Amino acid sequence: MTNRGSNDPPRQASWTSGDEGDTLRFASAMAAQLTVGDVVALHGELGAGKTRFVRGLAEGLGLEPRVVTSPTFTICQEYPTPAGAALVHVDAWRLSGPEELESIGWDELCAREDAILAVEWAERIEARLPEGRIEVLLEPIDESVRRITVRGPSRFIEAMRTVSPIPAAATVPDHCPICGQPMPTAGEGGLFCSERCRLADLGRWFTGSYRVARPIHEDDLGEEDWAGANR
């Protein structure tokens, strides 16, 4: 794990993705700013585009994006890249808590200096996520438009503002997606305005309160998931 955040206070910024292609291009541009040891924590409701975002990361690392599928059943999938660094894709959806991470050797994954980690449903294992991580929140505006909010070390955020192929949305201070209150000063409060709202968001995942943002497409799922969804 890189030590990005030790002397670089966190900030966040938002962009507007007009369609799935925009999301892929933005993630591909982000991949060029990542270094081995980075952890990208992905947040967003079912259908928000988390797996598609990982495909964009893969494309930016020189891979064919279609090879990436959500590892819902295997939990963890590793993809070697032409640059030599591995892209490790973790899906925490089926994990009941951080204690189950031992089954995939989580501590060893975080200690690797030859890989970039991308974690879907990262809020389920938040207690075990390393400091200095890069957090990405994908919020559906309508069926195709997404608001992409990235939180990370300030130098990383400034780099993304420079290289982003899509337009910036309103920058922080923003509004909390749970209560609608203005966000604290940049660098405080994470993706929510308070711990209470963060826990409320987590509770919605566990109670199934969130809706599916759009119909599930076959390429969103692995073969086992798609078969189960069509029984």
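Taking the working numbering as reference, the numbering of the sequence shown is continuous, increasing by one, and the terminal residue is 560. Quick reminder that beta carbons are idealized off the backbone N, C-alpha and C, glycines included. Computed from a predicted model, the values in this text were never measured in an experiment.
Short Cβ contact (8 angstroms threshold) for residue i with residue j
i	j	result
Gly389	Ala342	no
Leu430	Arg457	yes
Proximal residues to residue i (C-beta, below 7 angstroms), its chain only, five neighbours per side dropped
i	result
Arg560	Only weak support is given to the placement of Arg560: the predicted model assigns it a pLDDT of 48, under 50, and the value that follows is read from those uncertain coordinates. If we look at Arg560 and ignore the five residues flanking it on each side, it has no Cβ neighbours.
Ala488	Gln362
Phe382	Thr352, Ala356, Leu371, Val465, Leu467
Continuous alpha helix (DSSP H) stretch holding residue i: start and end
i	result
Ile567	A query on residue 567 cannot be resolved here, the shown segment of the chain reaching from 330 to 560 and no further.
Val383	379–389
Cys522	It is not in any alpha helix (DSSP H) - Cys522 carries neither H nor E in the DSSP assignment.
Cys439	435–440
Residue nearest to residue i in terms of C-alpha spacing, selected from the options
i	options	result
Val419	Leu531, Glu452, Ala412, Pro338	Glu452
Gly426	Ile454, Gly373, Val417, Ile433	Ile454
Glu407	Trp422, Ile507, Ile433	Ile433
Span of the beta strand (DSSP E) around residue i
i	result
Ser346	339–346
Asp367	Unbroken run through Asp367: none, as it is neither H nor E.
Ala360	No beta strand (DSSP E) contains Ala360, which is instead part of the alpha helix (DSSP H) from 349–360.
Gln510	First-last for Gln510: undefined, no H or E at that position.
Ala447	444–449
Glu468	463–469
8 angstroms contact criterion, which residue i and residue j should meet: CB distance rounded
i	j	result
Arg493	Ala358	The question names Arg, yet the displayed sequence has Ser at residue 493. Between Ala358 and Ser493 the Cβ distance is about 6 angstroms, and since that is below 8 angstroms, they are a contact.
Ser399	Glu349	At roughly 15 angstroms, the Cβ-Cβ gap does not stay under 8 angstroms, so Ser399 and Glu349 are not in contact.
Ile486	Trp344	Actually they do not touch by this definition, with Cβ atoms about 11 angstroms apart.
Ile495	Asp351	5 angstroms
8 angstroms Cβ shell around residue i - same chain, five flanking residues per side excluded
i	result
Ser483	Asp337, Pro338, Pro339, Arg340, Gly516
Min CB distance residue i to chain C below 8 angstroms
i	result
Asp436	No chain C appears in the structure shown, which is made up of a single protein chain.
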